[in-house]
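Be aware that the sequence shown starts at 0, since it is given in numbering that gives the first Met the number 0, and climbs by one per residue.
Positions of the beta carbon are idealized from the N, C-alpha and C atoms, including for glycine.
The structure under discussion appears below in the form of structure tokens.
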Amino acid sequence: MSPHYRMFPTEFVGDKVGVRKYLEENARMGKIAWTALNGGPFFDMWLNKGVAGFKIPARKATIYGAGTNPSCWTPLPIIARAAVHMLQTPDAILDRSIFISGVKNITQNNILAALEAELGEIFEVEHVDVKKIKEEALKALERGEPKLATRGLTLNSQFNEEDGWADFWGKVENGVVGVEAVDVREAVRDYLQSLGS
């Protein structure tokens, strides 16, 4: 296969079924070679944009459910290292997807503990019923409000202890792409340092 036809799709987050099917079909026909990198949500962006439930400057946290749902998220620098490794040594990951996770033992409660330890301050915490968020998201979907539904269903998939999809540690192959997961406190420390905190 010519390296000119090697595909590296940009759908980093999640298991994009439609794109994957297209890639697999074209690879079987010998038209392309491909690799897909799945690292879960970008750790840094989720903390920065508040999707993870933290308003760091205000020292506030929204904990969805019990805050104990294990998740697989990856900081951007680890995604970058994995992508470079994949491009330099593509044979081990040719024509398949690979799952990585850059932070060990990630839960909202562990992120909160790490933030409080690193900043030396206690956060104001609000607990939210993630099941109600899912119910409202499904109602929004029925009303034809996909943007509102997507946010609620995304929160549900990440934080619902009974119905979440965020823990894919059983599929993680960090070593194949030359990366190691860090603990939550190190990931939080690195994130805060990137902000100059």
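Leaving out the 5 sequence neighbours to the left and right, which residues in its chain are closer than 8 Å to residue i when beta-carbon positions are compared?
i      : result
Asp166 : Asn68, Pro69, Ser70 and Cys71
Below 8 Å on the Cβ atoms is my contact criterion, and I expect residue i with residue j to pass it. Report the Cβ-Cβ distance as a whole number of Å.
i      : j      : result
Glu160 : Gly64  : 5 Å
Asn104 : Asp189 : At roughly 16 Å, the Cβ-Cβ gap does not stay under 8 Å, so Asn104 and Asp189 are not in contact.
Ser100 : Gly38  : 7 Å
Ala79  : Val176 : In fact, because the Cβ distance is near 11 Å, the residues do not count as touching under 8 Å.
Identify whether residue i lies in helix, strand or coil by the three-state DSSP scheme.
i      : result
Ser100 : coil
Ile77  : helix
Trp33  : strand
Val171 : strand
Asp189 : helix
Ala112 : helix
Between which two residues does the alpha helix (DSSP H) holding residue i run?
i      : result
Trp45  : Phe42 to Lys48
Ile132 : Val129 to Glu141
Can you name the start and end residues of the beta strand (DSSP E) that residue i belongs to?
i     : result
Val18 : Per DSSP, Val18 belongs to no beta strand (DSSP E); it is in the alpha helix (DSSP H), Val16 to Arg27.
Cutting at 7 Å between CB atoms, please list the residues of its own chain near residue i, excluding the five before and the five after it.
i      : result
Phe211 : Lying outside 0 to 196, the shown extent of the chain, residue 211 is not represented and no answer is given.
Glu179 : Asn173
Val16  : none
Leu140 : Ala148
Excluding the 5 residues flanking residue i on each side, which residues of the same chain have their C-beta closer than 6 Å to its C-beta?
i      : result
Ala136 : Ala148, Gly151 and Leu152
Is there a C-beta anywhere in chain C that falls below 8 Å from the one on residue i?
i      : result
Val181 : Considering every chain present, this structure includes no chain C. It has just one protein chain.
With three or more beta-carbon pairs closer than 8 Å as the criterion, would you say the segment 71-87 touches the segment 25-42?
yes
(message) Within 8 Å, do at least three Cβ pairs link the segment 81-94 to the segment 116-125?
(response) no
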